[in-house]
Amino acid sequence: MMLKQLPMEDARQALLDKIAPLESEVIPTMNAIGRILAADIIAPYDLPPYRQAAMDGFAVSCKERQEDKFLIKEILEAGEIPDFDLEPGEAAGVLTGGHIPQYTEKVIRQEDICIIGDYITVNRTPGDNNIRSQGEDFKSGSVIARSSTRITPGLIAILTAFGLRKIRVIRRPKVAILSLGREIIPYDQDPNPGEVRDSNGPLLSSLVTLQGGSPSVLVSQSYPAEKLHSQIQQADMVITIGGTAEGSNDKGRELLDGAGAQPVFLGYQVKPGSHTCAGVRDGKPVIMLSGNPMACFVGYYLLAYPALRALQGLNPELKRFPAVATSPFPKKGGPRRFLLGYALYGPEGWRVAVLPAQKSSMRRSLAGCNCLIDLPAGHPPVHPGADVCIIPILDLA
Numbered sequence: 011m012m013l014k015q016l017p018m019e020d021a022r023q024a025l026l027d028k029i030a031p032l033e034s035e036v037i038p039t040m041n042a043i044g045r046i047l048a049a050d051i052i053a054p055y056d057l058p059p060y061r062q063a064a065m066d067g068f069a070v071s072c073k074e075r076q077e078d079k080f081l082i083k084e085i086l087e088a089g090e091i092p093d094f095d096l097e098p099g100e101a102a103g104v105l106t107g108g109h110i111p112q113y114t115e116k117v118i119r120q121e122d123i124c125i126i127g128d129y130i131t132v133n134r135t136p137g138d139n140n141i142r143s144q145g146e147d148f149k150s151g152s153v154i155a156r157s158s159t160r161i162t163p164g165l166i167a168i169l170t171a172f173g174l175r176k177i178r179v180i181r182r183p184k185v186a187i188l189s190l191g192r193e194i195i196p197y198d199q200d201p202n203p204g205e206v207r208d209s210n211g212p213l214l215s216s217l218v219t220l221q222g223g224s225p226s227v228l229v230s231q232s233y234p235a236e237k238l239h240s241q242i243q244q245a246d247m248v249i250t251i252g253g254t255a256e257g258s259n260d261k262g263r264e265l266l267d268g269a270g271a272q273p274v275f276l277g278y279q280v281k282p283g284s285h286t287c288a289g290v291r292d293g294k295p296v297i298m299l300s301g302n303p304m305a306c307f308v309g310y311y312l313l314a315y316p317a318l319r320a321l322q323g324l325n326p327e328l329k330r331f332p333a334v335a336t337s338p339f340p341k342k343g344g345p346r347r348f349l350l351g352y353a354l355y356g357p358e359g360w361r362v363a364v365l366p367a368q369k370s371s372m373r374r375s376l377a378g379c380n381c382l383i384d385l386p387a388g389h390p391p392v393h394p395g396a397d398v399c400i401i402p403i404l405d406l407a
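With my numbering applied, the sequence shown covers 11 to 407.
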């Protein structure tokens, strides 16, 4: 049964219920930044693998009483492994990260000693032993990172410290973005009268790339139907732009019917973009967004972004935070509405400015938007100081 004009959460869940994570693949670690782990990573050995000097200086072994003078037994070079033990009252020169002799009790910084002949004297007793314990970073068999973790530069550093050259990740979703409409032309062409450059396709392509997908953008009038069907068949996710309104002259639904997509819902109770639709094809999401730029942007984050996360095995739930409005929005009433906002966190919590140009056809506020402001159905006008709810869509900084 076709579901029409659902509440937003119901519409999104109806789509997510039909999506499963993609299969995994093994790739070089150095190509894995931003990818999603498909399995837990386990430490193959202790890190550090041996006791290390935490700084340049002298490893010492003390007697029962506090020592301030030690006999220099040897000076170790970088990478040299000691073949001797320290006896009480003896010292060995060591370098940061280097092996330390057996029975070392502390490492005294180079700055805190004086060398007099074959002895060192301690000018200042260290507050720490300046020794890195074996396995203090990771113990053999411990979990380095869990499945469904996004790989960051810091995690790359850890993986390469263990010499892990390849890792298993979720395959990058292939996302076909189809800009529909006889008047739409590629952005890099000069329009004739009545034609409009495609900016929604590049917008969604950038968002998909930023969020882990591999997009391809096609403007429908530039390609035959067979080419469009082929792109849909090869994609893990399809997003169409335009042709969602009742009575539209565009052929979006006919195109998807021809590609074998099964509808999930037709429209949801949200402004802008109430005519947004969704379906599935062989378990892969098909989402039809409004051709109005702001409605397209909002619809992407409410539906396509969670679906893209689900394909990557990530939690699709959108984060929400309470915030205080710092600028007004005079309209009131009507369906649930999402505004473009810019939020900052301060001593009193989140504060959010309602960006100008909130018409669904306008693009001006897209560049500065880092959150959506969620206003419930029948909402009053928003005044400065009003309590609102925000959904972050980019890094809030």
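Ideal Cβ placement from N, Cα and C applies to all residues, glycine included.
Between the Cα of residue i and those of the options, spot the shortest distance and give me the residue it belongs to.
| i | options | result |
| --- | --- | --- |
| G211 | P225, S158, N202 and P201 | P225 |
| N325 | F331, A317 and R207 | A317 |
| D10 | A320, K369, E121 and F172 | This structure cannot speak to residue 10, because the chain is shown only from 11 to 407. |
| L385 | K149, P357 and G344 | G344 |
| E327 | S371, R175 and M18 | M18 |
| F172 | A387, I249, K149 and I194 | K149 |
| L313 | R361, L214, S371 and S71 | L214 |
| G323 | G127, I180 and P58 | I180 |
| P190 | I403, V248, I400 and D397 | Checking the displayed sequence, the identity of residue 190 turns out to be Leu instead of Pro. Among I403, V248, I400 and D397, the Cα nearest to that of L190 is on V248. |
| E97 | H285, Q199 and C72 | C72 |
By Cβ distance below 7 Å, which residues in the same chain neighbour residue i in space, the five residues on each side in sequence not counted?
| i | result |
| --- | --- |
| G289 | L266, A271, Q272, P273, V274 and V296 |
| D95 | P111, Q112 and Y113 |
| G44 | R160, I161 and G222 |
| I118 | G67, F68, V70, V132 and P136 |
| S158 | I46, L47, G323 and L324 |
| Y55 | S150 |
Tell me whether residue i is buried or exposed, calling it buried when 16 or more other Cβ atoms sit within 10 Å of its Cβ.
| i | result |
| --- | --- |
| R134 | exposed |
| N41 | exposed |
| T131 | exposed |
| H393 | exposed |
| D138 | exposed |
| I91 | exposed |
| R123 | Reading off the sequence shown, one finds Ile at residue 123, where the question assumed Arg. So I123 counts as buried. |
| D93 | exposed |
| Q241 | buried |
| K329 | exposed |
| K294 | buried |
If I measure Cβ to Cβ from residue i and keep anything under 6 Å in the same chain, skipping five residues before and after, which residues do I get?
| i | result |
| --- | --- |
| L105 | D66 and A88 |
| P340 | P391 |
| Q120 | D66 and G67 |
| N9 | Residue 9 is absent from the structure shown; the chain starts at 11 and stops at 407. |
If I'm right that residue i touches residue j with Cβ under 8 Å, what's the distance once you round it to whole angstroms?
| i | j | result |
| --- | --- | --- |
| P201 | R192 | Not a contact, Cβ separation roughly 13 Å. |
| I51 | L169 | 7 Å |
By Cβ distance, which residues of its chain are closer than 8 Å to residue i, with the 5 residues on each side in sequence left out?
| i | result |
| --- | --- |
| R61 | H109, I110, T114, I141, R142, S143 and Q144 |
| S375 | M304, L350, L365, P366, A367 and Q368 |
Which full runs of the alpha helix (DSSP H) of 4+ residues lie inside the region 157-215, going along the chain?
163-171
At 4 residues or longer, and completely inside the region 308-363: list those alpha helix (DSSP H) runs for me, N to C.
315-321
In chain order, which beta strand (DSSP E) runs of at least 3 residues are fully inside the region 361-395?
381-385
Which residue spans inside the region 44-80 form an unbroken beta strand (DSSP E) run of at least 3?
67-70
Extract the residue ranges of the alpha helix (DSSP H) inside the region 267-309, only unbroken runs of 4 or more that lie entirely within it.
303-309
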